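Participant: Okay, so the sequence shown: first residue is 17 according to this note's numbering, each after it adds one.
Glycine included, C-beta positions come from ideal geometry on N, C-alpha and C.
Predicted model, so just to flag it, every value in this text is computed and none were measured.
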Amino acid sequence: MSSRFCWALLLLCWPAELLFAAEKVRLQLKWQHGFQFAGYYAAQQQGYYAEAGLKVELVAATPKLQVVDEVLSGRAQFGVGTSALLLDYAKGRDVRLIANIFQHSALVLLTKANGVVPDLQLLRGQKILLETGADELRAYLSREGLTGQDYLLIEHETSIPDLLNGEAAAISAYSTYEPLILQQAGIAYHQFSPRSAGIDFYGDNLFTSNKLWLKNPKLVEKFRAASLRGWSYAMQHPAEVIAYMQQHYPSGSSTALLLAEAAAMQPLLQTDLIAPGYINPDRWLHIAEVYQQQGLLSLVPDLDNFLFQASTPIDLTWVLIALLVLLGLLLALALLAYITQVNRRLHQLLAQKRQQQSWQHIRSQILQQMLRDETAPNELMTTVLQLLQQFRPSYHPILLLDRPKDLPQIIHVDLCAAGWAEIQRRIEIFGDDCDTPGLNLLRVPQLGKPSPAFTDVPAGQLQFCAFPLQGDCSQIPGVLLVWQAATFTAQDFDVLSDVGSMVAIALERQRDREALRQSEARHRLLTDNASDVIWTMDLSGNITYVSPSVERHRGFTAEEAMRQHVTEALTPESAELVFNQMRQARAAVEAGLAYPEFVADLEQPHKNGGTVWSEVKTAGIYNEAGEFIAIVGVARDLTERRKTEQQMRYMAQHDSLTSLPNRALFMDRLQQALTYCSRHQRQLAVLLLDLNKFKPVNDEYGHAAGDELLKAIAERLRKLLRASDTVARLGGDEFVVLLPQLESPQEVSQVSSKITQALAEPFALSMATVLIGCSIGQALFPDDGSDADQLIRIADERMYQQKQLRHAGR
17 MSSRFCWALL
27 LLCWPAELLF
37 AAEKVRLQLK
47 WQHGFQFAGY
57 YAAQQQGYYA
67 EAGLKVELVA
77 ATPKLQVVDE
87 VLSGRAQFGV
97 GTSALLLDYA
107 KGRDVRLIAN
117 IFQHSALVLL
127 TKANGVVPDL
137 QLLRGQKILL
147 ETGADELRAY
157 LSREGLTGQD
167 YLLIEHETSI
177 PDLLNGEAAA
187 ISAYSTYEPL
197 ILQQAGIAYH
207 QFSPRSAGID
217 FYGDNLFTSN
227 KLWLKNPKLV
237 EKFRAASLRG
247 WSYAMQHPAE
257 VIAYMQQHYP
267 SGSSTALLLA
277 EAAAMQPLLQ
287 TDLIAPGYIN
297 PDRWLHIAEV
307 YQQQGLLSLV
317 PDLDNFLFQA
327 STPIDLTWVL
337 IALLVLLGLL
347 LALALLAYIT
357 QVNRRLHQLL
367 AQKRQQQSWQ
377 HIRSQILQQM
387 LRDETAPNEL
397 MTTVLQLLQQ
407 FRPSYHPILL
417 LDRPKDLPQI
427 IHVDLCAAGW
437 AEIQRRIEIF
447 GDDCDTPGLN
457 LLRVPQLGKP
467 SPAFTDVPAG
477 QLQFCAFPLQ
487 GDCSQIPGVL
497 LVWQAATFTA
507 QDFDVLSDVG
517 SMVAIALERQ
527 RDREALRQSE
537 ARHRLLTDNA
547 SDVIWTMDLS
557 GNITYVSPSV
567 ERHRGFTAEE
577 AMRQHVTEAL
587 TPESAELVFN
597 QMRQARAAVE
607 AGLAYPEFVA
617 DLEQPHKNGG
627 TVWSEVKTAG
637 IYNEAGEFIA
647 IVGVARDLTE
657 RRKTEQQMRY
667 MAQHDSLTSL
677 PNRALFMDRL
687 QQALTYCSRH
697 QRQLAVLLLD
707 LNKFKPVNDE
717 YGHAAGDELL
727 KAIAERLRKL
737 LRASDTVARL
747 GGDEFVVLLP
757 QLESPQEVSQ
767 VSSKITQALA
777 EPFALSMATV
787 LIGCSIGQAL
797 FPDDGSDADQ
807 LIRIADERMY
817 QQKQLRHAGR
């Protein structure tokens, strides 16, 4: 064989990328060097770019540099940008997205803790520093009820000192960097994420120009593939990549801080669940809708020329290799289809969880509004309808409230004038001849179709349903009417039924408050026979007079009450409050001011050994010379109002169907248990339960049977667990169990086995006897995680692994 033939054979077999000079490209980063760009460093370190025939220059950003301008001008072939690339594309700029690196944006809002409960409403009237392009934070503030007029906005790049020295009440930050700096410095802070309000943007995105994509798609695909390989390697070997960074791309950060940044990035990239670079068009449509709501987009553009689409060139000269590649491609497509199906299911589950969390947030807001005594009834009902429409914009709700001897009152949020007139015309024929107030509202003919006209929604064949406002009493004070274009689902009925119950309770509470107000007006005319307790007290705290009604209120006769000092007539906490008020009142009077009005809820001992709550109002008593000599007060029994408020707080922390603790109460108990176990070096476990065969029960026997089954499951779990354990319903058919203060890890398996056996037993429902089961995922503290979110996430992953194993074993 000749040497010339050997050289020819060698050239045919040698990789083409190594026979030619490497192609030079530039990647423009959007910030200075840091672990935020670790995947590109790893692609260089591991030679992925070299294998693709590329020589890549990684260029750090300078202040005020526009990455898009660098790429479109040709000074860089590729760039790292934010979700604002969609706005550039909508403006006609020639950008092409090729990979979503961060599946969730790291942008958050930071405030100093200052010992208060985290609440965005505290930012009203404050200065907020937001970096350029932080549109998702503006949308988040808007969704939380804070418009641009509610705070002073200042754009910035990085400004932790402004937050610490009080120059700003809140700043934008990356959850992977600034919070780590504050933690290292031991500074307490509050962190607010737009995802808590359902706003889920992508973070760092790899992009190029459409011109380069059309001219050289092979170059784009090679760069993309090598970069994504680098990201996979970087997230699996962070310490190795950090060492390379410190040598070739020093950032000034310590190795410990870079490792912490790597750990914080993992839940944002989700490389353990989603392939690096994964692009979900639906997520981009969601981002576009948020931009529309912010007024940054007028129309959602066609995304076909924006999102990456891989090309598949065929090399006809290598037939055998092409066939092998085709076979491998088919296998890869099958795997990709499976992964896509799994991802779609995960996204559906995540969407369901986000929707449940969003509803719980709206529900809490409704209950908070109901607890505010100063809110007028019409204002409260309008706010409830607005919050309902905020949760589900497709809803068009109306409240018809019964008024004796008069037409029903109409409360709405988006009826146009013609629609209001149409509703009014229909209810005018209704007669007030029904024995049960409110039921006559349901008899208004043709109330649902054709539907009335709403703002921006013409009259037509909208779907319609009505919910009687059934509270604790026998009366039905009104009806909740809802229209929407889509068919109502079981989840819609759950939400609307819940809203109807809360509105009914609010109306009953408003009715009780009105009755109390009228009662107060009548009782002002009474003295010794008044139901309120009227008393006088000297400046030393001795009671000098008390009305006989004190016996009905506290069990003590008037004579017994008059022998009591204020320290005996009040609990220690309430007595301290009264003494402070007396000192302030005396100082005010001595300064020549009028006696300051004092109104407070005070706790007083009852003769039976318990306590009662009273609303106490006081005024000053003056002698003929105008000297302040004593205090007169009126005490009103608040026992029933306290019970109502306790019931509302219970509803805010418990699932309305099963009466189990909801997510908020469970997370509170889990956090307390984690604090205790950390301090005393104890173990605890979290068990996440997902019911098997629950959907078939709902589909075959209906929604009522599903509710009955969930109640039976909750009762069975309550009886099975210890009093110190907590079982909660997270929503749907998902339950969670907290086992605090474990003696040994074996207890977790024993409890898990008991739960599995208990739920495998038949459930005798009113319509049928059904068999279900459950999949359980468990996480142990401190072995599996150190915080609540991490334990729940691990338990969730293990539960789905068990579920997948069960499906695979069929």
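Among all the DSSP beta bridges, which residues are the ones paired with Pro413?
Facilitator: Working through the sequence shown from its first residue, we reach residue 413 at position 397. Paired residue(s): Val498.
Participant: Look up Met783 in the DSSP assignment and say whether it is helix, strand or coil.
Facilitator: Sequence index remark: in the sequence shown, residue 783 carries index 767 (1-based). It is coil, neither helix nor strand.
Participant: Leaving out five residues before and five after Lys709 in sequence, what residues of the same chain have Cβ atoms less than 6 Å from its Cβ?
Facilitator: Taking the sequence shown and counting its residues from 1, the one referred to as residue 709 is at position 693. So the list reads Ile788, once near-sequence residues are dropped.
Participant: Might you give, ordered along the chain, the residues of its own chain that have their beta carbon closer than 7 Å to the beta carbon of Phe118, omitting 5 neighbours on each side?
Facilitator: Stepping through the sequence shown from its first residue, residue 118 is reached at position 102. Here the set comprises Tyr218, Gly219, Asp220, Leu284 and Leu285.
Participant: Just list the residues that DSSP pairs Glu613 with in beta bridges.
Facilitator: For the purposes of this step, residue 613 is taken as the residue at position 597 of the sequence shown. None, per the DSSP bridge assignment.
Participant: Taking only three categories from DSSP, how would you classify Phe407?
Facilitator: On the sequence shown, residue 407 is found 391 positions in, with the first residue counted as 1. In this structure, Phe407 counts as helix in the three-state DSSP scheme.
Participant: Mapping DSSP to helix, strand and coil, what is Val515?
Facilitator: The sequence position of residue 515 within the sequence shown is 499, counting from 1. Helix, per DSSP.
Participant: Whole angstroms are fine: how far does the CA of Gln381 sit from the CA of Pro424?
Facilitator: Within the sequence shown, the letter at position 408 stands for residue 424. Within the sequence shown, the letter at position 365 stands for residue 381. So the two alpha carbons sit approximately 27 Å from each other.
Participant: Could you tell me which residues DSSP puts in a beta bridge with Tyr638?
Facilitator: Taking the sequence shown and counting its residues from 1, the one referred to as residue 638 is at position 622. Paired residue(s): Phe644.
Participant: CB Val702 to CB Ala603, shorter than 7 Å?
Facilitator: Position 686 of the sequence shown, counting from 1, holds the residue named residue 702. Position 587 of the sequence shown, counting from 1, holds the residue named residue 603. In this structure, Val702 keeps its C-beta atom at 7 Å or more from the C-beta atom of Ala603.
Participant: Grab the span of the alpha helix (DSSP H) containing Lys128 for me, first residue to last.
Facilitator: By one-based count along the sequence shown, residue 128 stands at place 112. Counting along the chain, Lys128 falls outside any alpha helix (DSSP H), though it belongs to the beta strand (DSSP E) covering Leu123 to Lys128.
Participant: Taking the CB atoms as reference points, tell me whether Leu153 and Ser209 lie closer together than 7 Å.
Facilitator: Here residue 153 is taken as the residue at index 137 of the sequence shown, counted from 1. Here residue 209 is taken as the residue at index 193 of the sequence shown, counted from 1. Against a cut-off of 7 Å, the Cβ pair of Ser209 and Leu153 comes out as no contact.
Participant: DSSP three-state call for Gln477: helix, strand or coil?
Facilitator: What you label residue 477 is simply residue 461 of the sequence shown in a count that begins at 1. Coil at Gln477, not helix or strand.
Participant: Look up Asp554 in the DSSP assignment and say whether it is helix, strand or coil.
Facilitator: On the sequence shown, residue 554 is found 538 positions in, with the first residue counted as 1. Asp554 falls in the strand class under three-state DSSP.
Participant: Which residue marks the beginning of the beta strand (DSSP E) containing Lys71, and which one marks its end?
Facilitator: Here residue 71 corresponds to residue number 55 of the sequence shown, with the count starting at 1. Residues Leu70 to Val75.
Participant: Just confirm the distance between the C-beta atoms of Leu169 and Ile144, as a whole number of angstroms; I'd bet it's less than 8 Å.
Facilitator: In the sequence shown, residue 169 corresponds to position 153, counting from 1. In the sequence shown, residue 144 corresponds to position 128, counting from 1. The pair is a contact, with the Cβ atoms about 6 Å apart (cut-off 8 Å).
Participant: Using 10 angstroms around the beta-carbon of Ser99, count the other beta-carbons present and answer buried if the total reaches 16, otherwise exposed.
Facilitator: Here residue 99 refers to the residue found at position 83 of the sequence shown. Buried is the call here.
Participant: Answer with yes or no whether the minimum CB distance from Ala482 to chain B is below 7 Å.
Facilitator: Among the chains in the structure shown there is no chain B, since it carries only a single protein chain.
Participant: Taking only the alpha-carbon atoms, compute the straight-line gap between Ala585 and Glu575 and give it to the nearest angstrom.
Facilitator: One-based indexing of the sequence shown puts residue 585 at position 569. One-based indexing of the sequence shown puts residue 575 at position 559. Distance between the alpha carbons of Ala585 and Glu575: 13 Å.
Participant: In whole angstroms, give me the CA-to-CA distance for Pro612 and Gly636.
Facilitator: In the sequence shown, the residue the question calls residue 612 occupies position 596. In the sequence shown, the residue the question calls residue 636 occupies position 620. So the alpha carbons of these two residues sit roughly 8 Å apart.
Participant: Which term fits Lys659, buried or exposed, when burial requires 16 or more other beta carbons within 10 angstroms of its beta carbon?
Facilitator: As a working note, residue 659 is residue 643 in the sequence shown. It is exposed - the Cβ of Lys659 has fewer than 16 other Cβ atoms within 10 Å.
Participant: Quick check on Arg199: does DSSP put it in helix, strand or coil?
Facilitator: For the purposes of this step, residue 199 is taken as residue 183 along the sequence shown, with counting starting at 1. Going by the sequence as given, residue 199 is Gln instead of Arg. Helix, per DSSP.
Participant: To the nearest angstrom, how far is it from the Cα of Gly63 to the Cα of Leu45?
Facilitator: Residue 63 sits at position 47 when you count from the first residue of the sequence shown. Residue 45 sits at position 29 when you count from the first residue of the sequence shown. Going from the Cα of Gly63 to the Cα of Leu45 covers about 20 Å.
Participant: Classify Ser563 as helix, strand or coil using the three-state DSSP reduction.
Facilitator: Taking the sequence shown and counting its residues from 1, the one referred to as residue 563 is at position 547. Ser563: coil per DSSP, three-state reduction.
Participant: For Asp893 and Val111, I'd like the C-alpha separation in whole angstroms.
Facilitator: Here the chain comprises residues numbered 17 to 826, so residue 893 is not present and cannot be evaluated.
Participant: Looking only at its chain, what residues have a beta carbon closer than 7 Å to the beta carbon of Phe375, apart from the 5 residues adjacent to it on each side?
Facilitator: Taking the sequence shown and counting its residues from 1, one reaches residue 375 at position 359. One detail in the question is off: residue 375 reads as Trp in this sequence, not Phe. Non-local beta-carbon contacts of Trp375 in its own chain, meaning distances under 7 Å to residues more than five positions away in sequence, involve Phe407 and Val511 in chain order.
Participant: Using 8 Å as the Cβ pair cut-off and three pairs as the minimum, do the region 496-507 and the region 475-486 touch?
Facilitator: yes
Participant: I'd like the list of long-range same chain contacts for Gly47, defined as Cβ closer than 7 Å, with 5 residues on each side in sequence excluded.
Facilitator: Taking the sequence shown and counting its residues from 1, the one referred to as residue 47 is at position 31. For the record, residue 47 in the displayed sequence is Trp; it is not Gly. Excluding positions up to five away in sequence, the list reads Ala77.
Participant: In the DSSP assignment, what residue or residues form a beta bridge with Gln425?
Facilitator: Here residue 425 corresponds to residue number 409 of the sequence shown, with the count starting at 1. DSSP lists Leu417 as partners of Gln425.
Participant: Distance, Cα to Cα, Gln308 vs Leu781?
Facilitator: What you label residue 308 is simply residue 292 of the sequence shown in a count that begins at 1. What you label residue 781 is simply residue 765 of the sequence shown in a count that begins at 1. Those two C-alpha atoms are separated by around 48 Å.
Participant: What residues are listed by DSSP as bridge partners for Lys623?
Facilitator: Position 607 of the sequence shown, counting from 1, holds the residue named residue 623. Paired residues: none, contrary to the question.
Participant: Taking only three categories from DSSP, how would you classify Thr691?
Facilitator: For this step, residue 691 is matched to residue 675 along the sequence shown. Three-state result, Thr691: helix.
Participant: Within its chain, find whatever has a CB closer than 8 Å to the CB of Thr655; leave out the 5 residues flanking it on each side and keep chain order.
Facilitator: In the sequence shown, counting from the first residue as 1, residue 655 sits at position 639. Closer than 8 Å at Cβ, skipping near neighbours: Val628 and Trp629.
Participant: If you follow the beta strand (DSSP E) that Tyr205 is in, where does it begin and where does it stop?
Facilitator: The residue you call residue 205 lines up with position 189 of the sequence shown. Taken as a continuous stretch (DSSP letters only), the beta strand (DSSP E) holding Tyr205 covers Tyr205 to Phe208.
Participant: On a Cα-Cα basis, can you pick out the residue from Thr163, Leu737, Leu319 and Gln818 that is closest to Leu103?
Facilitator: Taking the sequence shown and counting its residues from 1, one reaches residue 103 at position 87. Checked all of Thr163, Leu737, Leu319 and Gln818; the closest Cα to Leu103 is Leu319.
Participant: Let me know the secondary structure DSSP gives Pro778 once reduced to three states.
Facilitator: Against the sequence shown, residue 778 aligns to sequence position 762. In this structure, Pro778 counts as coil in the three-state DSSP scheme.
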